[in-house]
Each structure stands twice: as C-alpha cells, then as structure tokens.
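Asker: Sharing a structure, written as structure tokens. Questions coming.
In the working numbering, the protein residues as written are -16 to 48.
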C-alpha cells in the first residue's frame, strides 16, 4: 500500500507540477482512495479524515502496532 501511495504522489506531482503543494496532497489522497479495491478500507480512510498520505500512513502504522 505504501508503494501505491508513493506512485500516486509521484504521478500527481508530475501531472500538477504548478499546483500548490496542499492541492497536490489533496488530489493524491483522493486518487489513492479511488485506487483502493477494498470498500471497507476506503470507508476507514475517509472516516479518519487524514490530511495527506503521510498522515494516513502514520495513523495506519500506529493502529497496527
């Protein structure tokens, strides 16, 4: 899942290179959620309301410990 996040962030930065960073992070998060096949995982991510992909991965790591 982390690799998917990295790929999406890289592609978002390429596609929206002139956009402000906060916009790119929002778009990356939306694309990441859309790419997930598991609807339960999508719902959990949306409910946790992460600020960006780093926030999601940090909270996911903490909850799995």
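We treat Cβ as the ideally placed atom computed from N, Cα and C, and that holds for glycine.
#1: By a C-beta neighbour count over all protein chains shown, 10 Å radius and 16 as the cutoff for buried, is residue 24 buried or exposed?
#2: Expressed to the nearest angstrom, what Euclidean distance is found between the alpha-carbon atoms of residue -12 and residue 36?
#3: Under the three-state reduction of DSSP, which class applies to residue 29: helix, strand or coil?
#4: Would DSSP call residue -2 helix, strand or coil?
#5: Is it buried or exposed, residue 8, if we count other Cβ atoms within 10 angstroms and call 16 or more buried?
Answerer: Result, derived from the coordinates:
#1: Numbered from its first residue, the chain shown carries residue 24 at position 41. Classification of residue 24: exposed, given that the 10 Å Cβ count is below 16.
#2: As a first step, residue -12 must be located in the chain shown, where it is residue number 5. As a first step, residue 36 must be located in the chain shown, where it is residue number 53. Cα to Cα, the separation comes out at about 7 Å.
#3: Position 46 of the chain shown holds residue 29. Correct three-state label for residue 29: helix.
#4: Within the chain shown, numbered from 1, the residue matching residue -2 stands at position 15. Three-state result, residue -2: helix.
#5: As a first step, residue 8 is located in the chain shown; it is residue number 25 there, counting from the start. Of the other Cβ atoms in all chains shown, 16 or more fall within 10 Å of the Cβ of residue 8; this residue is therefore buried.
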